[in-house]
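The structure under discussion appears below in the form of C-alpha cells.
Protein chains: 2
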Amino acid sequence: IAKEVAKLLEMKAQLGEDEGKHKFVLKTPKGTRDYGPKQMAIRERAFNAIISSFKRHGAEVIDTPVFELKETLTGKYGEDSKLIYDLKDQGGELLSLRYDLTVPFARYLAMNKITNMKRYHVAKVYRRDNPAMTRGRYREFYQCDFDIAGQFDPMIPDAECLKIVHEILSDLQLGDFVIKVNDRRILDGMFAVCGVPDSKFRTICSSVDKLDKVPWEEVRSEMVGEKGLSPEAADRIGEYVQLHGGLDLIERLLQDPKLSQNKLAKEGLGDMKLLFEYLTLFGITGKICFDLSLARGLDYYTGVIFEAVLLHQENEHVEEPVSVGSVAGGGRYDGLVGMFDPKGRKVPCVGVSIGIERIFSILEQRLEASEEKIRTTETQVLVASAQKKLLEERLKLISELWDAGIKAEMLYKKNPKLLNQLQYCEDTGIPLVAIVGEQELKDGVVKLRIVATREEVNVRRENLVEEIRIRTNQC
Amino acid sequence: IAKEVAKLLEMKAQLGEDEGKHKFVLKTPKGTRDYGPKQMAIRERAFNAIISSFKRHGAEVIDTPVFELKETLTGKYGEDSKLIYDLKDQGGELLSLRYDLTVPFARYLAMNKITNMKRYHVAKVYRRDNPAMTRGRYREFYQCDFDIAGQFDPMIPDAECLKIVHEILSDLQLGDFVIKVNDRRILDGMFAVCGVPDSKFRTICSSVDKLDKVPWEEVRSEMVGEKGLSPEAADRIGEYVQLHGGLDLIERLLQDPKLSQNKLAKEGLGDMKLLFEYLTLFGITGKICFDLSLARGLDYYTGVIFEAVLLHQENEHVEEPVSVGSVAGGGRYDGLVGMFDPKGRKVPCVGVSIGIERIFSILEQRLEASEEKIRTTETQVLVASAQKKLLEERLKLISELWDAGIKAEMLYKKNPKLLNQLQYCEDTGIPLVAIVGEQELKDGVVKLRIVATREEVNVRRENLVEEIRIRTNQC
Numbered sequence: 001i002a003k004e005v006a007k008l009l010e011m012k013a014q015l016g017e018d019e020g021k022h023k024f025v026l027k028t029p030k031g032t033r034d035y036g037p038k039q040m041a042i043r044e045r046a047f048n049a050i051i052s053s054f055k056r057h058g059a060e061v062i063d064t065p066v067f068e069l070k071e072t073l074t075g076k077y078g079e080d081s082k083l084i085y086d087l088k089d090q091g092g093e094l095l096s097l098r099y100d101l102t103v104p105f106a107r108y109l110a111m112n113k114i115t116n117m118k119r120y121h122v123a124k125v126y127r128r129d130n131p132a133m134t135r136g137r138y139r140e141f142y143q144c145d146f147d148i149a150g151q152f153d154p155m156i157p158d159a160e161c162l163k164i165v166h167e168i169l170s171d172l173q174l175g176d177f178v179i180k181v182n183d184r185r186i187l188d189g190m191f192a193v194c195g196v197p198d199s200k201f202r203t204i205c206s207s208v209d210k211l212d213k214v215p216w217e218e219v220r221s222e223m224v225g226e227k228g229l230s231p232e233a234a235d236r237i238g239e240y241v242q243l244h245g246g247l248d249l250i251e252r253l254l255q256d257p258k259l260s261q262n263k264l265a266k267e268g269l270g271d272m273k274l275l276f277e278y279l280t281l282f283g284i285t286g287k288i289c290f291d292l293s294l295a296r297g298l299d300y301y302t303g304v305i306f307e308a309v310l311l312h313q314e315n316e317h318v319e320e321p322v323s324v325g326s327v328a329g330g331g332r333y334d335g336l337v338g339m340f341d342p343k344g345r346k347v348p349c350v351g352v353s354i355g356i357e358r359i360f361s362i363l364e365q366r367l368e369a370s371e372e373k374i375r376t377t378e379t380q381v382l383v384a385s386a387q388k389k390l391l392e393e394r395l396k397l398i399s400e401l402w403d404a405g406i407k408a409e410m411l412y413k414k415n416p417k418l419l420n421q422l423q424y425c426e427d428t429g430i431p432l433v434a435i436v437g438e439q440e441l442k443d444g445v446v447k448l449r450i451v452a453t454r455e456e457v458n459v460r461r462e463n464l465v466e467e468i469r470i471r472t473n474q475c
Numbered sequence: 476i477a478k479e480v481a482k483l484l485e486m487k488a489q490l491g492e493d494e495g496k497h498k499f500v501l502k503t504p505k506g507t508r509d510y511g512p513k514q515m516a517i518r519e520r521a522f523n524a525i526i527s528s529f530k531r532h533g534a535e536v537i538d539t540p541v542f543e544l545k546e547t548l549t550g551k552y553g554e555d556s557k558l559i560y561d562l563k564d565q566g567g568e569l570l571s572l573r574y575d576l577t578v579p580f581a582r583y584l585a586m587n588k589i590t591n592m593k594r595y596h597v598a599k600v601y602r603r604d605n606p607a608m609t610r611g612r613y614r615e616f617y618q619c620d621f622d623i624a625g626q627f628d629p630m631i632p633d634a635e636c637l638k639i640v641h642e643i644l645s646d647l648q649l650g651d652f653v654i655k656v657n658d659r660r661i662l663d664g665m666f667a668v669c670g671v672p673d674s675k676f677r678t679i680c681s682s683v684d685k686l687d688k689v690p691w692e693e694v695r696s697e698m699v700g701e702k703g704l705s706p707e708a709a710d711r712i713g714e715y716v717q718l719h720g721g722l723d724l725i726e727r728l729l730q731d732p733k734l735s736q737n738k739l740a741k742e743g744l745g746d747m748k749l750l751f752e753y754l755t756l757f758g759i760t761g762k763i764c765f766d767l768s769l770a771r772g773l774d775y776y777t778g779v780i781f782e783a784v785l786l787h788q789e790n791e792h793v794e795e796p797v798s799v800g801s802v803a804g805g806g807r808y809d810g811l812v813g814m815f816d817p818k819g820r821k822v823p824c825v826g827v828s829i830g831i832e833r834i835f836s837i838l839e840q841r842l843e844a845s846e847e848k849i850r851t852t853e854t855q856v857l858v859a860s861a862q863k864k865l866l867e868e869r870l871k872l873i874s875e876l877w878d879a880g881i882k883a884e885m886l887y888k889k890n891p892k893l894l895n896q897l898q899y900c901e902d903t904g905i906p907l908v909a910i911v912g913e914q915e916l917k918d919g920v921v922k923l924r925i926v927a928t929r930e931e932v933n934v935r936r937e938n939l940v941e942e943i944r945i946r947t948n949q950c
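Right, dumping it as C-alpha cells:
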C-alpha cells in the first residue's frame, strides 16, 4: 500500500508540475507595453512629423547600442542616477541601459574625436521611474533627439533648437503650447545673489525644478528643512522664481541692482536677449516664455535650458483630457563631451529631446474618440477565386503581382468562399479584388472588383498590374 | 614624520582619484558598435528592401519591449539559453533582454488572445555570444522578422515565407544564394529509424546543426563520444544527412523502406512535396534545396525549417570577400504560443528572420570598395551671404524656407566667408546656395547658385521656394 501511495503522490506531483508550466504571469514588464498595429500606425505619424523637421534642418542620423559601460553613465544625472537599469554581472563588462540619448551622443563624439556635428537620434531609453502609463509615463520610452555640437557664434544653434520644437508641436496640432526658457547661468547667478552657498547650487536647483508640480510653499520648506538653506535666502529665491515674461523682463533684470552685479547672471541675461532677437526673426516669440522657475533636473546643462508644455487639449471629443505636461525639453551642455575626452577637450553642444510617448498618448486618445478608421496594412489587392480547385491559379497570379511590386494578399485556404474573401477586404480596407475563375482563365482576363463601389471590370491579364497601380495611385 | 607621510600619501591618493576621472575606457560594450551617418544610410537601404517585401505581402507591424520577464524566455532556446542577457535584480521583476523576436511574438499572441495574424517586426535582439564583428556577428544585432500565425491549409503560409526570403535576397543583389529546407518531423523520423532513443532527439539534432561548420567526422565523434549514441546509429544518420536535392529526392525518400514506415517522417515528406509544388508555381525552386543535414538549433521548431546561405560574393572590387554564411532562417513553430496560453491553446505559426547585420557587412564593404559618394543629409539649399552683417537676413530667409518645407542649412557664424560656405556645400553635397546681399535685398531677389555647374541666377524672392523645389525635384 505504501508503495502505491508513493506512486500516486509522485503522479500527482508530476501533474502539478505540468500545470505549473502555465502558471506564470502573462504580461510585459512593469512600465512597458507592446505596440499593436494600430498604435504603430499612430506612432509612425508622430515620428514622421518629428523626423521631417530634423531632416529639414540638415541633421544626420546615428544609432548607438541600447546599453553602455556602466561608468559611461556614472556622474551624469545627479539625483536621477538611482533610476538607471543595470545589467546583471554575468562575467565581463558592467553594463547599464541608456538613460537618455545625450550621454551616448557625447561619448560618441569624444570616442570618434568629432568636434562638429548636427545629428538626430530616435531610440528607446530606460528609467526605473514610477510609471503613470495613462499619462504617457513609461519605464521604456522613445526619445527623439536633435543636437548641434561645435564651437559657433552664440545662440544661433540654440535658437534653431527652439525653432524645431515650435515646428514640431505646430505640425502635430496638439493644441496650444508654450516653450519655457531659462539659463543655468542666470539660475546660478540668482542663487549666488540670494545667498545660497556654492556647494548647495545643484541641490537647490533640483528643488526649484519641482515648481511645475508642487506649490512654492512646499519647495521652500524642502529648501529650508531638508536642504538647510536659510529662510532669508529661500525667500529671495521665491521672489525671482515667480518672474516670467519676454524681452521686457530680460531688460528689467539686466538693470536689477543685484543680478547685474553677478558675472554669470549678466552673461546669461545677455545671451537670453540675443536669443529673443533671433526668435523674433523666426517669428515664434509668441509661444516662448522666459521663466525663472525653469530649472531642469539633469546635471550636465551649462547654459540655455528649455521645456515645452501643452496648455490644454483642443479636443471636444475627449471628456477627460489626459494631463501630459512637458512634451519636449533640452538645453546647452558645453562640458559633457569634455568629461569623456582623455585630455578634457570641450565640445560645446545644444540639443532638444522630444518626448514621443506623451504626444502619442494624445494622438491615440484623439483617434479613439474620432470615427477615423485606420488601416494597418498597405495591401492593394486580394487575389480571390469564385470557384473551387483554383488554389494553383491564385498562387500563380499572386506571384506575378508580387514580382511586379504590387502589394497583394490571398486567403491561406484551398477553397475559400467568395463571401469570406470579400468580407476580408471589408475588414482590412483592401480596395481591390482580383478574381480568377474558369471562364476568366479561358478568356485571358482577370475580374477586378472595386470593393467600395462593388463595380466589376474584366481586365486583360497583361494589363492587370498597370490597372491596379492606376486604381490605387501607387506607381 | 609619520604624520607628514600619511598626509602626502593622502594627497597622492586624491590626485590619483582626480586623474582617474579620465582613465576609464572610451568604448562601446563588447560585441556592439555605433552606427555613424554613412552606416545608417546603408542600413536604411537594406531595411527598405526588407520592409517593402514584408508590406508587399500584407503584413502589419508590431513592437514589443526590449526586455521580457525572465520566465517568458525560460525553456525556449535549448542549449543557447546560456547566451541570454539578464538584468540586475534591483527590486521588482526579474528581467532579461530579448533573445529573438519570435518568443515575444508568441507571448504577444497569447497575451492578447490573437489566433490569426501576419506581422513583421524589425528590432534589436541580444546574445552573449562570441562576437566576430568583421563577419557581421554582434552581441546586439537587428532581426527583421515576418511571421504568419493561424490555422490554415498546409504549406501555403510556409511557401510564402520562402518566397519572401527569395524576393529580399534577390532585391538586395547580394550574389548567388541557396535556401536550404528541411522539416523537424523528417529529422525526428530519421532519428527514430536510425535507432536514436527519443530522449536524445534534441541533443542529436544540435549536433547535426553543426554540419555547416564542421565536417561529419567531428559531428559523429560528438554524437558517439559526448552524447553516447551507438556508432551504428550515428553511421545510419551519416548516410541520410549527406542527401540533398529537390522533388526527386523527396519522391525517393517517400519510397525509402525505413523512412516510409515512420509516421512523422511520412507526414513531413508529404508536406515537403506539397511545399515544392507551391514553390514551383512561384518559380523559385531553382534556389531551393531540400537538405537533410539542416537542423537549426532552436528548440521551438515543429515542422518545416529553412536557412538561406550566400554562396559567394559577386564583387570584383573586393579582394578578400567576407564569409558571411547564413543570412536568413526560420521555420514552423506550432507549439510555442500554447506554452504561453493558460489553457495551452495552440496557434500554429511559421516565420522567417532576416539577419541584417551580415547583409549590412557586405553592403558596407561593397560601398567602400566602390567610388560612390553617399550623402548623409537631404539638405536642398544653403542660405549664404557674400557680405558681412547679414546674419539677420539669413535667419529671416532660412525661416521662410523652413516654414515652406524646404530643407535648408546655414553656417552658425555671424560673418562667414563665401568661400567657406561654398566649400561646405561641396563637402556635404548640398546642390544649391541661396545668396543674400545688399543689392539682392534692394532688388527683392535672391541669387541662386547651382553648386555643380557654378551657374548663378537671380530669383524673385516670392518664387524662390518653387524654384528650389523644381531644381531639386522635391515637391
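Protein chains in written order, with this note's numbering: chain A, 1 to 475; chain B, 476 to 950.
The C-beta atom is built at its ideal place from N, Cα and C for all residues, glycine as well.
Note that the coordinates shown come from a computational prediction; the quantities given were computed from them, not determined experimentally.
{"Query": "Boundaries (first-last residue) of the alpha helix (DSSP H) holding Met223/A", "Result": "Met223/A -> no alpha helix (DSSP H), and no H or E assigned at all."}
{"Query": "Backbone secondary structure at Gln618/B - three-state DSSP", "Result": "strand"}
{"Query": "Start and end residues, beta strand (DSSP E) containing Phe765/B", "Result": "Ile763 to Asp766"}
{"Query": "C-alpha distance - Ala667/B paired with Glu693/B, whole-angstrom precision", "Result": "22 Å"}
{"Query": "Spatial neighbours of Glu635/B in its chain, beta-carbon cut-off 8 Å, leaving aside the 5 residues before and after", "Result": "His532 and Ile623"}
{"Query": "Contact under 8 Å by Cβ, Ala351/A with Asp145/A", "Result": "This sequence places Gly at residue 351/A; Ala is not what is there. Contact: yes."}
{"Query": "Contact with chain A by Ser874/B, beta-carbon distance below 8 Å", "Result": "yes"}
{"Query": "Where Ala384/A sits in the DSSP three-state scheme", "Result": "strand"}
{"Query": "Burial state of Lys496/B, where buried means 16 or more other Cβ atoms lie within 10 Å", "Result": "Because the pLDDT of Lys496/B is 49, which lies under 50, any placement of that residue in the model is unreliable, and the number read from its coordinates should be weighed accordingly. Lys496/B is exposed by the Cβ-count criterion."}
{"Query": "DSSP three-state assignment for Asn938/B, whether helix, strand or coil", "Result": "helix"}
{"Query": "Min CB distance Met272/A to chain B below 8 Å", "Result": "no"}
{"Query": "Neighbourhood of Lys30/A by C-beta distance below 8 Å, restricted to the same chain and skipping five residues each side", "Result": "Pro131 and Arg139"}
{"Query": "Three-state secondary structure assigned by DSSP to Ala452/A", "Result": "coil"}
{"Query": "C-beta contact flag for Phe765/B and Gly720/B at 8 Å", "Result": "yes"}
{"Query": "Interface partners of Ala110/A on chain B, CB under 9 Å", "Result": "Leu501"}
{"Query": "Chain-ordered neighbours of Arg603/B on chain A, where CB pairs are closer than 7 Å", "Result": "Gln90"}
{"Query": "Residue from Val689/B, Thr507/B and Leu662/B with nearest C-alpha to Leu739/B", "Result": "Leu662/B"}
{"Query": "Contact with chain A by Thr507/B, beta-carbon distance below 8 Å", "Result": "yes"}
{"Query": "Span separating the alpha-carbon of Leu576/B from that of Gln618/B", "Result": "7 Å"}
{"Query": "Where Ile444/B sits in the DSSP three-state scheme", "Result": "Limits of chain B in this structure are 476 at one end and 950 at the other, which puts residue 444/B out of reach."}
{"Query": "Reduced DSSP category for Glu795/B - H, G, I as helix; E, B as strand; rest coil", "Result": "In this predicted model, Glu795/B has a pLDDT of only 48, less than 50, meaning its place in the structure is not dependable enough to derive any value."}
{"Query": "Inter-stretch contact (C-beta, 8 Å, three-pair minimum) for the stretch 688-707 of chain B and the stretch 775-783 of chain B", "Result": "no"}
{"Query": "Local Cβ density within 10 Å of Glu455/A, reported as buried at 16 or more and exposed below that", "Result": "exposed"}
{"Query": "Beta-bridge pairing of Glu843/B - partner residues as DSSP gives them", "Result": "Paired residues: none, contrary to the question."}
{"Query": "Validate contact between the stretch 868-876 of chain B and the stretch 848-860 of chain B using beta carbons, cut 8 Å, 3 pairs", "Result": "yes"}
{"Query": "Chain A contact residues for Ile631/B, given Cβ-Cβ distances below 7 Å", "Result": "Tyr412"}
{"Query": "Pick from Ala524/B, Arg573/B, Glu546/B and Pro690/B that is closest to His641/B, judged by C-alpha positions", "Result": "Ala524/B"}
{"Query": "Identity of the residue in Lys821/B, Glu868/B and Val656/B nearest Gly761/B by Cα", "Result": "Val656/B"}
{"Query": "Every unbroken beta strand (DSSP E) inside the stretch 629-653 of chain B [3 residues or more]", "Result": "none"}
{"Query": "Runs of beta strand (DSSP E) wholly within the stretch 526-576 of chain B (minimum 3 residues, chain order)", "Result": "542-544 and 570-572"}
{"Query": "Unbroken beta strand (DSSP E) run spanning Ala328/A, endpoints", "Result": "Ser326 to Arg332"}
{"Query": "Nearest-angstrom beta carbon gap, Gly650/B and Leu872/B [assumed within contact, 8 Å]", "Result": "About 49 Å separates the two Cβ atoms, so there is no contact after all."}
{"Query": "Unbroken stretches of the alpha helix (DSSP H), 4 residues or longer, contained in the stretch 212-282 of chain A", "Result": "216-221, 231-241, 247-254 and 263-282"}
{"Query": "Partner residues on chain B for Lys124/A, Cβ-Cβ distance less than 8 Å", "Result": "Val541"}
{"Query": "Spatial distance of Tyr574/B from Thr376/A (CA atoms)", "Result": "27 Å"}
{"Query": "Contacts that Pro37/A makes with chain B (C-beta to C-beta distance below 8 Å)", "Result": "Glu535, Val536, Ile537 and Arg594"}
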